[in-house]
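Trainee:
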DNA sequence: CCAACTACTTGGCAATGTCAAGTACTAATT
DNA sequence: AATTAGTACTTGACATTGCCAAGTAGTTGG
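Residue numbers (this note's numbering), protein chains in the order written: chain V, 22 to 130; chain H, 22 to 130.
(1) Among residues of its own chain, excluding the 5 on either side of residue 101 (chain V), which ones have a beta-carbon nearer than 8 angstroms to its beta-carbon?
(2) How big is the Cα-Cα spacing for residue 91 (chain H) and residue 68 (chain H)?
(3) For the region 50 to 66 of chain V and the region 108 to 119 of chain V, state whether three or more C-beta atom pairs, one from each stretch, are separated by less than 8 angstroms.
(4) Can we count residue 80 (chain H) as close to the ligand NAD, meaning its CB is less than 8 angstroms from some heavy atom?
(5) Assess contact between the region 68 to 87 of chain V and the region 25 to 37 of chain H, defined as three or more Cβ pairs (one per stretch) separated by less than 8 angstroms. Is contact present?
(6) Between the beta-carbon of residue 52 (chain H) and the beta-carbon of residue 121 (chain V), is there less than 9 angstroms?
(7) What are the start and end residues of the alpha helix (DSSP H) that includes residue 61 (chain V)?
(8) Let me confirm a value: residue 70 (chain V) is counted as buried when at least 16 other C-beta atoms fall within 10 Å, else exposed. Which label applies?
(9) Taking Cβ to Cβ, would you say residue 39 (chain H) is nearer than 9 angstroms to residue 75 (chain H)?
(10) With H, G and I counted as helix, E and B as strand and the rest as coil, what does DSSP make of residue 91 (chain H)?
(11) For residue 35 (chain H), go through chain V and note every residue whose CB falls closer than 7 angstroms to its CB, in chain order.
(12) Sorted by chain position, which residues of the same chain lie with C-beta nearer than 7 angstroms to residue 22 (chain V)'s C-beta, five sequence neighbours on each side aside?
(13) Report buried or exposed for residue 45 (chain H), applying the criterion of at least 16 other Cβ atoms within 10 angstroms of its Cβ.
(14) Go ahead and pull the three-state DSSP assignment for residue 82 (chain V).
(15) Starting from residue 102 (chain V), trace the alpha helix (DSSP H) both ways and give me its first and last residue.
(16) Is there a C-beta anywhere in chain H that falls below 9 angstroms from the one on residue 114 (chain V)?
(17) Under a Cβ-count criterion, where at least 16 other Cβ atoms within 10 Å of its own Cβ denotes burial, should residue 42 (chain V) be classed as buried or exposed?
(18) Are the Cβ atoms of residue 64 (chain V) and residue 81 (chain V) separated by less than 9 angstroms?
(19) Bridge partners of residue 77 (chain H), per DSSP?
(20) If we define contact as Cβ-Cβ less than 9 angstroms, is residue 61 (chain H) a contact residue for chain V?
(21) Closer than 9 angstroms by beta-carbon distance: list the chain H residues that pair up with residue 108 (chain V), in chain order.
Here is the structure:
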């Protein structure tokens, strides 16, 4: 998968995932990968950025399967940001789709 | 517009634009901007990259309105690359759309 | 103690969009 | 002919963000 296509979209997918329910980083790597393949080195720095920008709050919870997990919870500001990202993404992807479709007739002709 | 969303997509839009008809850089800035806003500092380096990778060939043509224009013409390899990019873009955007839509019911409830 | 799995962190790097400044040609104005 | 504006191309420095790789650390089982 072209890494460039992912830029920015991952942020939206992470925000939307965490909006559904609080999640921890390692779990998010697998969740997000269902939509776009991604690895730890991408997810953890992204989570840190979003937390620094107050879109997420975190809390630790122990696990019986390993070290404690750092859970992420989306804030009100995070939801607003998510909504604006979603709007931008939908507008962009619709414009791109229309642009690509509008020219399909050229290929057939 | 979130600059990150544009990454990679611009390449596809430029390839598709030039596929329709040979175009020169300055013209492409305006053409591409109909889909996603973009400026010269983005388009010219992108055209150079795509030319270095043999997806474009170029030729000069004089203009009555200013300095000569460098026209870009897409190669066979460029078309193949465009097609693979289009496929990837469509697959990604469909997955993202489905992911976002599938959870709309959460918001309504 | 070691191996394997879970979980988080981080340094260095690659790719690419943006800003800003510069070069150069044509045409219109003074 | 000098100035200004519009067209057209180039490039250096920078910011953002995804990826690889290596490291730290807890739990379970040998």
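Beta carbons: idealized from backbone N, C-alpha and C, even for Gly.
Mentor: In short:
(1) Apart from sequence neighbours up to five positions away, no residue of its chain approaches residue 101 (chain V) with a beta-carbon distance below 8 angstroms.
(2) In a straight line, the C-alpha of residue 91 (chain H) is about 10 angstroms away from that of residue 68 (chain H).
(3) Short answer: they don't touch.
(4) As presented, the structure is devoid of all ligands, the ligand NAD included, so that no description of it is given.
(5) When C-beta atoms of the region 68 to 87 of chain V are compared with those of the region 25 to 37 of chain H, fewer than three pairs fall below 8 angstroms, so the two segments do not count as touching.
(6) Taking 9 angstroms as the cut-off, the beta carbon of residue 52 (chain H) is found no closer than this to the beta carbon of residue 121 (chain V).
(7) Looking at the DSSP string, the run of the alpha helix (DSSP H) that includes residue 61 (chain V) is 61 to 73.
(8) Exposed is the call here.
(9) No, the Cβ-Cβ distance between residue 39 (chain H) and residue 75 (chain H) is not below 9 angstroms.
(10) Strand, per DSSP.
(11) The contacting residues do not exist; residue 35 (chain H) stays about 11 angstroms from chain V at best.
(12) 57 and 58, listed in sequence order.
(13) By the neighbour-count rule (16 or more Cβ atoms within 10 Å), residue 45 (chain H) is buried.
(14) The answer is strand: DSSP assigns residue 82 (chain V) an E or B state.
(15) Its alpha helix (DSSP H) spans residues 97 to 122.
(16) Yes - at least one Cβ of chain H is within 9 angstroms of the one on residue 114 (chain V).
(17) Result: exposed.
(18) Residue 81 (chain V) sits away from residue 64 (chain V), with the two beta carbons spaced by 9 angstroms or more.
(19) For residue 77 (chain H), which the question treats as bridged, DSSP gives the partners H:95.
(20) Residue contact with chain V for residue 61 (chain H): absent (no Cβ-Cβ distance below 9 angstroms to any residue of chain V).
(21) Result: empty, since nearest Cβ-Cβ is about 10 angstroms, beyond 9 angstroms.
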